[in-house]
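Shown next, in structure tokens, is the structure this report addresses.
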Amino acid sequence: MSPSSEVALAAAMRAAQEGDANAYRTLLRDCVPAVAAMARAQGVRGAAVDDVVQEALLTVHRARATYDPARPFLPWLRAITQRRAIDAIRRGARRPQEVYDPYAFESQPDAGPGPGDGLESHYRDRQLAAAVARLPDGQRQAVEHLAFRELSLDEASAVTGRSKGALKVNLHRALKSLRSALVPGSGNGDD
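For the sequence shown, this note's numbering begins at 47 and goes up steadily by one.
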């Protein structure tokens, strides 16, 4: 799914949480292909895909109040879908299965990234870049040289003109600031 799909789905969910029935219908309709693709990626086949879609949409309906509008929508939807897919696979494992299946190879889930995987990493990368850009100059340089470029303390000291001790302190303070900015509930000062 494209980044615009993530934004549209998240906006529709926010509107649905505020009571917009049209946005809620649109959200459910637009979730169907994503849920079906996620279910297939989990190894669900045939009519069981439709069952997973229905179960996932019911779970979205029941759990819609738990969605946090400040977070991306697709990972929340993926977590629901994965659980419903696992349930379907378990139900299928209890039934007798045909041993000879000439199409088994063609119907195996793709080992590549799932739908929306790139969106999550893109979203995290943007958040990290923005948080690093907001750091004071010395802390930002310490992060860029020591963490991102993986320079040694000696190399980073030569590039920045700062002492190794100052770089260590700046990196420690930067990591603490980034943790507070990026990890919910970590701004409690425990360190």
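Glycine included, C-beta positions come from ideal geometry on N, C-alpha and C. This one's a predicted model, so the numbers in the text were calculated from it and none came from an experiment.
Measure the C-alpha to C-alpha separation of residue i and residue j and round it to an integer number of angstroms.
| i | j | result |
| --- | --- | --- |
| ALA54 | HIS107 | 18 Å |
| PRO17 | MET59 | Not covered by the structure: residue 17. The range shown for the chain is 47 to 237. |
| MET84 | VAL205 | 46 Å |
| ARG110 | ALA87 | 24 Å |
| GLU166 | ARG172 | 10 Å |
| LYS210 | PRO230 | 31 Å |
| ASP76 | LEU123 | 12 Å |
| ALA125 | ALA69 | 22 Å |
| GLU64 | THR112 | 13 Å |
| ASP163 | LEU224 | 23 Å |
| GLY92 | VAL78 | 15 Å |
| LEU199 | ARG208 | 10 Å |
| HIS168 | GLY138 | 35 Å |
| PHE194 | ASP66 | 44 Å |
Kindly list the residues whose CB is nearer than 6 Å to the CB of residue i, restricted to its own chain and excluding five residues on each side of it in sequence; keep chain order.
| i | result |
| --- | --- |
| ALA220 | LEU181, GLN185, ALA188, VAL189 |
| LEU74 | LEU103 |
| ALA202 | HIS191, LEU192, LEU213 |
| VAL98 | ALA85, VAL90, ARG130, ALA131, ALA134 |
| VAL81 | VAL99, ALA102, THR127 |
Let me see if you follow: with CB-CB separation under 8 Å, is residue i close to chain B or not?
| i | result |
| --- | --- |
| THR105 | Absence of chain B from the displayed structure is noted, only one protein chain being present. |
Mind checking residue i: buried by the 16 CB within 10 Å criterion, or exposed?
| i | result |
| --- | --- |
| PRO118 | buried |
| GLU196 | exposed |
| VAL95 | buried |
| ASN216 | buried |
| ALA179 | exposed |
| ALA56 | buried |
| ARG71 | exposed |
| ARG170 | exposed |
| ALA62 | buried |
Less than 7 Å between C-beta atoms, sequence neighbours within five positions excluded: which residues of the same chain meet that for residue i?
| i | result |
| --- | --- |
| SER51 | none |
| ASP237 | Only weak support is given to the placement of ASP237: the predicted model assigns it a pLDDT of 47, under 50, and the value that follows is read from those uncertain coordinates. The residues are LYS222. |
| ALA177 | LEU224, ALA227, LEU228 |
Inset, instruction - Give, in chain order, every unbroken run of the alpha helix (DSSP H) that is at least 4 residues long and sits entirely within the region 64 to 131. - result: Listed in chain order, they are 67 to 87, 93 to 109.
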